[in-house]
Amino acid sequence: MNRFVKLGLRYPIIQAPMAGVQDHRLVIAACRAGALGSLPAAMLNAEQLYKALTAIRAATDVPFNVNFFCHRQADPDPQQMLRWQQALVPYYAELGISAEEAVAAPSRAPFNAKHATLLAEFKPAVVSFHFGLPEPELLAWVKATGACVLASATTVAEAQWLARHGADAIIAQGLEAGGHRGHFLSDDLDLQQGTFTLLPQIVEAVDLPVIAAGGIVDGKSIQAALALGASAVQMGTAFLCSQEATTSALHRAALHSPNSHHTALTNLFSGRPARGIVNRLMQELGPLSDLAPDFPYAGGALAPLRAAAEKAGDSGFSPLWAGQNVSGCRELPAGELIARWVQEAGLA
């Protein structure tokens, strides 16, 4: 029997891992409500990850997911970094800060042996990956813990690759989804499709459970995904305003604003395409720019701009990650949100 099927989840709902806007508290709340809670580990160091896993394990004995990035990280290009900083000089001047205040970009370490060692200790039921899969030796280490391995695909070709290389289930990430695109075989964004176009094609192409992600915000969209062959759904944007999320007040305000329906893929904040609400930086530099350094180095030069603007109540330099459908964003406990969706989808 497939490892994903053996999880025996109460409801076929996965709380998407969302680095920067959640911690272990949302994982615990989702698990207690019968969904699969997910911890984003890409921006956590070993000590932070250990503490988060300890807190989750102490609070629940049901399955939970730990998510990692699998990008190939090169050293920063000094010339590229300089061009990016020069492009931001007018904003530094406007906000009265020095370009020398730029800091190292937030760490987004790819999955490595330290991570694998922690997984061997805590043995989470599920481990998921974005941007492909880790090296075979590391993947074998994960599988030896008994974990079910999930991985994101944005095309049928990626889903087939993941199936051949050891994934136990595929997350079909549609173009609507908020946050970073999971693509890894090609950078051509034109290859990517909407969730309800991509999902049935992947279901047909691979002999594995498929999880639908992108634009799923309520019981009706859960029903639609399951009707198209999904074994489960992964929901992120709909949790952004939950009481357990760490989403900032400015980000929450943007999600509730009329502008929330205007999202775009942008590489300005990290160096890799991710969907967020269009703000000043995206409008003025263009959401996708050759000026932005490669992932994950774009954020360092933006950090002082973001800090100064946010202090003044301005989110014009902040990554406002969100999917194309924000209608499910409500300031409610995560458990209450999940209960509503379960009732709407007829899963109770």
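Okay, so the sequence shown: first residue is 41 according to the working numbering, each after it adds one. Beta carbons: idealized from backbone N, C-alpha and C, even for Gly.
Spell out a yes or no on whether the region 165 to 172 and the region 218 to 227 are touching, meaning 3 or more CB-CB pairs, one atom from each, closer than 8 Å. The region 165 to 172, when compared against the region 218 to 227, does touch it at the 8 Å Cβ threshold.
Secondary structure at P249, three-state DSSP: helix, strand or coil? The three-state reading of DSSP puts P249 in coil, since its state is none of H, G, I, E or B.
Let's test the definition: count the other Cβ atoms within 10 Å of the Cβ of N319 and tell me whether it reaches 16, buried, or not, exposed. So N319 ends up on the buried side.
Give me, in chain order, the residues of the same chain whose beta-carbon lies closer than 6 Å to that of H291; leave out the 5 immediate sequence neighbours on both sides. Within the same chain, L360 come within 6 Å of H291 by CB-CB distance, once the 5 residues on both sides are set aside.
Kindly list the residues whose CB is nearer than 6 Å to the CB of H302, restricted to its own chain and excluding five residues on each side of it in sequence; keep chain order. Within the same chain, V318 come within 6 Å of H302 by CB-CB distance, once the 5 residues on both sides are set aside.
7 Å Cβ cutoff met for I211 and A253: With contacts defined as CB atoms closer than 7 Å, I211 and A253 qualify as a contacting pair.
So, helix, strand or coil for T194, using DSSP? Coil, per DSSP.
Is the separation between the beta-carbon of A70 and that of Q55 shorter than 7 Å? Taking 7 Å as the cut-off, the beta carbon of A70 is found closer than this to the beta carbon of Q55.
What are the partner residues of G77, as DSSP defines its beta bridges? G77 pairs with F104.
How big is the Cα-Cα spacing for A98 and A379? When rounded, the distance between both Cα atoms is 23 Å.
For a test of the three-state rule: what should DSSP assign to R315, helix, strand or coil? R315 falls in the strand class under three-state DSSP.
Tell me whether L360 sits in a helix, a strand or coil according to DSSP, three-state version. Correct three-state label for L360: coil.
Work out the CA separation of K183 and N365 for me, nearest whole Å. Cα to Cα, the separation comes out at about 35 Å.
When the Cα atoms are used, what is the spatial distance from F279 to H296? Taking the straight line joining both Cα atoms gives about 13 Å.
Going by the CB atoms, is the gap between Q62 and A285 shorter than 7 Å? At the C-beta level, A285 and Q62 come within 7 Å of one another.
Using the rule of at least 16 other Cβ atoms within 10 Å of the residue's Cβ for burial, across every protein chain shown, is Q126 buried or exposed? Using a 10 angstroms sphere on the CB of Q126, the tally of other CB atoms stays under 16, which defines it as exposed.
So which of C110, A153 and H64 has the shortest CA-CA distance to L93? For L93, the closest C-alpha among the options C110, A153 and H64 is that of H64.
C-alpha distance - L239 paired with P333, whole-angstrom precision: Distance between the alpha carbons of L239 and P333 is about 32 Å.
Three-state secondary structure (DSSP) of H205: Looking at H205 - three-state DSSP - the assignment turns out to be coil, as it is neither helix nor strand.
What does the alpha-carbon distance come out to for the pair A187 and L179? Straight-line measurement puts the Cα of L179 at about 10 Å from the Cα of A187.
Can you tell me whether T94 is helix, strand or coil according to DSSP? Helix at T94.
Looking at the strands, I want to know which residues DSSP matches up with I211. Beta-bridge analysis with DSSP links I211 to S192 and I251.
Would you call S249 buried or exposed, if buried means 16 or more other Cβ atoms sit within 10 Å of its Cβ? The displayed chain sequence assigns Pro, not Ser, to residue 249. Buried, since its Cβ has 16 or more Cβ neighbours within 10 Å.
Return the CA-CA distance between M58 and G276, expressed in angstroms with no decimal places. Near 7 Å, if we compare the C-alpha coordinates of G276 and M58.
Check this for me: beta carbons of P103 and A165, under 7 Å apart or not? Yes, the pair counts as a contact, with Cβ atoms nearer than the cut-off.
CB A199 to CB A245, shorter than 7 Å? Yes, the Cβ-Cβ distance between A199 and A245 is below 7 Å.
Output yes or no for whether 7 Å exceeds the beta carbon distance between A389 and G316. Here the chain has residues from 41 to 388 only, and residue 389 is not among them.
DSSP three-state label for V58, please. According to the sequence shown, residue 58 is Met rather than Val. The three-state secondary structure of M58, taken from DSSP, is coil.
Based on Cα-Cα distance, which residue from C369, L342, S367 and G386 lies nearest to A139? Checking every option, the nearest Cα to that of A139 belongs to L342.
Do you know how far the Cα of S358 is from the Cα of K154? Across the structure, K154 and S358 are spaced so that their CA atoms are roughly 30 Å apart.
My assumption, with CB atoms under 8 Å, is that L345 sits in contact with S329. Please give the rounded CB distance. Taking the Cβ atoms as the reference, L345 lies roughly 15 Å from S329, outside the contact range of under 8 Å.
CB contact flag (Q272, I251, <7 Å): According to the sequence shown, residue 272 is Ala rather than Gln. In this structure, I251 lies closer than 7 Å to A272 by Cβ.
Taking C-alpha atoms, which residue in I242, G234, W201 and D208 lies nearest to S226? Out of I242, G234, W201 and D208, W201 has the C-alpha closest to the C-alpha of S226.
Kindly list the residues whose CB is nearer than 7 Å to the CB of M121, restricted to its own chain and excluding five residues on each side of it in sequence; keep chain order. The residues are P333 and Y337.
Per-residue DSSP class, three states only, for L305: Assigned with DSSP and collapsed to three states, L305 falls in strand.
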